[in-house]
Amino acid sequence: MNVKTVLVLLVLALATVFVLVCVLLTRERAPGMCPQQPPEQQQEEEDDGAAERSLVFADLSAEELAQVVRYLRAELGVPLVEASRALPSDNCICWVEVQPPAKAEALRFLDGAGARPAREALAVLHLGAQAEPNVTEYVVGPLPAPTYHRDVTVRKYGAGLPYHRRPALAAEYKQVAEFLRSQVFPTAPSFMRQVMEYDERNLAFVTTAPRGFQSGDRTTWFVLFQNVSGFFLHPVGLEVLVDHSSLDISRWAVSSVFYNGQYYRDMAQLEDAYVQGRLGAEKVKKVPWDGDFSSMKPRAAPAARFPVQHEPQGPRYSVRKNHVAFQGWSFAFGMSASRGLRLFDVRHRRERIAYEISVQEALSVYGSNSPGGMSTRYMDGSFGIGRFSSPLVRGVDCPYSAAYVDVPYLAASHVSRLAKNTLCIFEHNLGAPLRRHYSDLQSFYYGGLVNSALVVRSITALGNYDYVWDFIFYQNGAIEAKVQATGYMSSSFLHGDGLRYGNRVGEHTLGTVHTHSINYKVDLDVGGVKNTLVAHDMAFEMARAPWSPEQQVERPRLTKQVLDTEDQAAFRHQSKMPRCIYFAANGKNKWGHQRGYRIQLVSFAGEHMPETSPMERAISWARYKLAVTKRKEEEPTSSSVYNQNDPWTPTVAFADFIDNETIANEDLVAWITTGFLHIPHSEDLPNTVTVGNSVGFLLRPYNYYDLDPSIYSQDGVFFTSEQDFTSCEVNSVACLPKRAACLPNLPPFTYDGFQNM
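Number 754 in full-length UniProt numbering belongs to position 754 of the sequence shown; there are no gaps in the numbering.
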């Protein structure tokens, strides 16, 4: 046996020992945990102090929520009824969530120059049992043992909140359902029995909004569907307009009835027309409980399993309470009941990039030749983008090995609930290089970096639609906000000229055209709180060629403009916008340029509602793909949960934020609107896919660094033609086969989404 053979056998033996040790470690470690990196390779910026400071933005704990409810019941001085049982004429708690501190106060604390702000809660109450029923917002504190409450309604909105603006609670929908069952449908017994085959269980209804045509209205079209799986695709042609404006539910009434293209005064008139043979009844084929074509049950048996992402040495990110750290990034996260996922104190390489990045509103405007569809303009914040964040399914909604976070919340109840696995956090290998170059000229080498990013995700299930909300952090200092739409389309009963408003997707089903618009708040602090908005673009200029003066050259040149007023910085959807807009700091980089962060939009938005509409001011944020304003504590959000039920006198009108104030060297906020037009088609059956239905924006460093910060990533690969690229010391990817020999010990599959329904 020669020396070469001995060496080969030795290498094989060592490899075998490595694999055995790896397997043993895998079997002995805690479930779901891979062998960890040595401490010196963990996130350097992660420390207990940062996690502790992030708690200033943390969602309220179950105990804190309980303390707020106890305090309100004892100290408010009015009787509070459990919201799930409340009548419109009762007082009840709508929701409670954390009240973030004022920015200046929070920054002093975060930067070590001030005390920790008092921890406070925001409590929203429906006060129907008052002489003048109203909605009131209270700030309650300090937590965890509250001793005071302040009515902040007038300070926030400039006036009190009329009761008719209140969001509809589940109790009100239950009361409407009982009203239809016990008082409305019995007035058309023959029609309901023979045409609808009604048995009090086989019909489901969907609400529309807004509710009427003027302030004070609370009249809602309720659209009826077969009560089967995926019922949104099975309209029966019947829609009922209910006036539920009275606080006395015995005075509720039907204002109109629509069936198969015809309008009737009420169900009794519809019954008369049916009995007398004057009704063009269109009996819909009864659909099995699984929904038939609307069923999401797979049509194929399981086969080879899909790939699973694996972290050979365990997670490279850390989650401590509400604080996350990853590859130079750190931030705090939270969940607003109305607006959903939000981030605070976002830092890269220890420098604050943004104070807040948050979802503000999601709007859908529908078309149809049926009354429910044509009058629908859903403002999802009113229903609760955060409140209806759904439990995430391992391996489908997020990678199996992701970190999952439970979120306590309190809405329409005196008791908080724990929403299990509502957030997920994971590192995602996008399967492509973040950057790379192969050189076969002059010198021979390869250099590259895998594009592995951190994703924070929640998914909202609001009625028919599911929105996948992502914030993505890249190793080059870029942040991406992305929303993907899936779920079921909303449909109308196909009749008459319905094909003017969508495509036919079933025997009686019209997939109705609609728009989606999503608004974000981005409070960037680039190199400090004070920034200036700068636009760069290009234009062609004609020039004589210096070496051949008789010839001319068309060359692109850089154009530059400082946008120093809010009017200049408000770009309507169809207007031309400079292709490079960035927040510029006062400081400069090594090359003499103002350090900046660029805003880059990804949007395919449909047309905005005409500004002549009496309700347009309530959604005036959607006029603009980008609007930058001077930051003000009294302008915290672009919309309001109260706009949905009174868009004619909006509680918050974003258009009023833009009043031509100077924005040069000020604390600025970018309000970004992105969206898409959805024309439903047969491939949206059984429901819509995320592919092609993804929009958002990126925040990218623009002369902020002296060079791409990802060059400092430990994931970088570089080797030359003269090196042994199979050596781990030269090329870390060469070690991957050995590292991947440790198979993950995944935790058992669990799901809590059907508890506490």
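Every residue gets a Cβ at the ideal spot worked out from N, C-alpha and C, and that includes glycine.
Item to check | C-alpha gap between residue 734 and residue 697, whole angstroms | outcome: So the alpha carbons of these two residues sit roughly 35 Å apart.
Next on the checklist: For residue 373, report the span of its alpha helix (DSSP H) as first-last.
Outcome noted: For residue 373, the enclosing alpha helix (DSSP H) stretches over residues 371-374.
Checklist entry - Measuring CB to CB, does residue 559 end up less than 7 Å from residue 539? => result Between residue 559 and residue 539, the C-beta spacing is below 7 Å.
Checklist entry - If we count the other Cβ atoms within 10 Å of its Cβ and call it buried at 16 or more, is residue 131 buried or exposed? => result Label assigned to residue 131: exposed.
Item to check | Nearest-angstrom Cα separation, counted from residue 722 out to residue 384 | outcome: Looking at the two C-alpha atoms, the distance is approximately 60 Å.
Checklist entry - Quick one: does residue 450 have its CB under 7 Å from some CB of chain C? => result Absent from the structure is chain C; it holds one protein chain and no more.
Checklist entry - Which residues bound the alpha helix (DSSP H) around residue 380? => result Boundaries of the alpha helix (DSSP H) harbouring residue 380: 380-383, taken from the DSSP string.
Checklist entry - Quick one, which of 352, 728, 399, 48 has its alpha-carbon nearest residue 306's? => result Closest by alpha carbon: 399.
Next on the checklist: Just to confirm the assignment: which complete beta strand (DSSP E) runs, minimum length 3, are found wholly within the region 689-714?
Outcome noted: Qualifying beta strand (DSSP E) stretches, in chain order: 694-702.
Item to check | Own chain, CB closer than 7 Å to residue 365, minus 5 neighbours either side, in chain order | outcome: The beta carbon of residue 365 sits closer than 7 Å to the beta carbons of 377, 514, 515, 609 from its chain, once the five residues preceding and following it are set aside; these are given in chain order.
Checklist entry - So residue 370 packs on residue 258, CB below 8 Å; how close in whole Å? => result Taking the Cβ atoms as the reference, residue 370 lies roughly 7 Å from residue 258, within the contact range of under 8 Å.
Next on the checklist: If I follow the unbroken alpha helix (DSSP H) through residue 74, where does it start and stop?
Outcome noted: Run containing residue 74: 62-75, per the alpha helix (DSSP H) assignment.
Item to check | Identity of the residues DSSP links to residue 99 by a beta bridge | outcome: Per DSSP, 120.
Checklist entry - Shortest alpha-carbon distance to residue 173 belongs to which of 265, 113, 209? => result The shortest Cα separation from residue 173 among 265, 113, 209 belongs to 209.
Next on the checklist: Does the contact criterion of 3 or more C-beta pairs under 8 Å hold for the region 432-443 versus the region 114-131?
Outcome noted: With a cut-off of 8 Å, the region 114-131 and the region 432-443 do not count as touching, because too few Cβ pairs lie within range.
Item to check | residue 506 (DSSP reduced to helix, strand or coil) | outcome: The answer is coil: DSSP assigns residue 506 none of H, G, I, E or B.
Next on the checklist: Distance check for residue 98 and residue 54, CA to CA, integer angstroms please.
Outcome noted: Going by the C-alpha atoms only, they are around 13 Å apart.
Next on the checklist: Threshold first: 3 residues or longer. Then list the beta strand (DSSP E) segments lying entirely within the region 495-553, N to C.
Outcome noted: Counting only runs of 3 or more, we get 502-504, 509-512, 514-524, 530-545.
Next on the checklist: Taking the beta carbon of residue 632 as the centre, do at least 16 other beta carbons fall within 10 Å, making it buried, or is it exposed?
Outcome noted: Exposed, since its Cβ has fewer than 16 Cβ neighbours within 10 Å.
Item to check | Of the listed residues 93, 731, 587, nearest to residue 445 (C-alpha basis) | outcome: Residue nearest to residue 445 within the set 93, 731, 587 is 731 (criterion: CA-CA distance).
Checklist entry - Is the region 515-528 touching the region 693-707 in the sense that three or more CB pairs, one from each, lie closer than 8 Å? => result Taking 8 Å as the limit for Cβ pairs, the verdict is that the region 515-528 does touch the region 693-707.
Next on the checklist: I believe residue 657 touches residue 235 by the beta-carbon criterion, under 8 Å. Please report the beta-carbon distance rounded to the nearest angstrom.
Outcome noted: About 39 Å; that fails the 8 Å criterion.
Checklist entry - Which residues in the same chain have their Cβ closer than 6 Å to the Cβ of residue 29, if we skip the five residues on either side of it in sequence? => result Unreliable positioning characterises residue 29 in this predicted model, as indicated by a pLDDT of 37, which lies under 50. A coordinate reading is not provided.
Item to check | Close Cβ partners of residue 482 (< 7 Å) along its chain, the five nearest in sequence each way excluded | outcome: Residues 470, 472, 694, 696 of the same chain have their beta carbon placed closer than 7 Å to that of residue 482, with the five preceding and five following residues left out of the count.
Checklist entry - Which residues does DSSP pair with residue 311 in a beta bridge? => result The partner list for residue 311 (beta bridge, DSSP) is empty, contrary to what the question assumes.
Next on the checklist: On the criterion of 16 or more Cβ atoms from any shown chain inside 10 Å, does residue 70 qualify as buried, or is it exposed?
Outcome noted: Under this definition residue 70 is an exposed residue.
Checklist entry - Cα separation between residue 334 and residue 349? => result Roughly 22 Å between the two C-alpha positions.
Checklist entry - Thinking C-beta only, is residue 401 closer than 7 Å to residue 429? => result Not in contact: residue 429 and residue 401 (Cβ atoms no closer than 7 Å).
Checklist entry - Can you tell me whether residue 460 is buried or exposed, with buried defined as 16 or more other CB within 10 angstroms of its CB? => result The residue in question, residue 460, is buried, as its Cβ has 16 or more Cβ neighbours within 10 Å.
Checklist entry - Between the region 71-83 and the region 99-114, do three or more beta carbon pairs fall short of 8 Å? => result No, they do not touch.
Checklist entry - residue 748 by DSSP, collapsed to three states: which one? => result Coil, per DSSP.
Next on the checklist: Quick check: the Cα distance between residue 842 and residue 125, rounded to an integer number of angstroms?
Outcome noted: The question about residue 842 has no answer, for the chain in this structure spans 1 to 757.
Next on the checklist: Nearest by alpha-carbon distance to residue 615: which of 601, 629, 593, 646 is it?
Outcome noted: Considering only alpha carbons, the answer is 646.
Checklist entry - Around the Cβ of residue 323, are there at least 16 other Cβ atoms within 10 angstroms (buried) or fewer (exposed)? => result By the neighbour-count rule (16 or more Cβ atoms within 10 Å), residue 323 is buried.
Next on the checklist: Contact defined as beta carbons within less than 8 Å: I believe residue 270 pairs with residue 205. What is the distance between those atoms, to the nearest angstrom?
Outcome noted: That belief does not hold up - the Cβ atoms of residue 270 and residue 205 are roughly 16 Å apart, past 8 Å.
Checklist entry - Any idea what DSSP makes of residue 763, helix, strand or coil? => result In the structure displayed, the chain extends from 1 to 757; residue 763 sits before or after that span and is not available.
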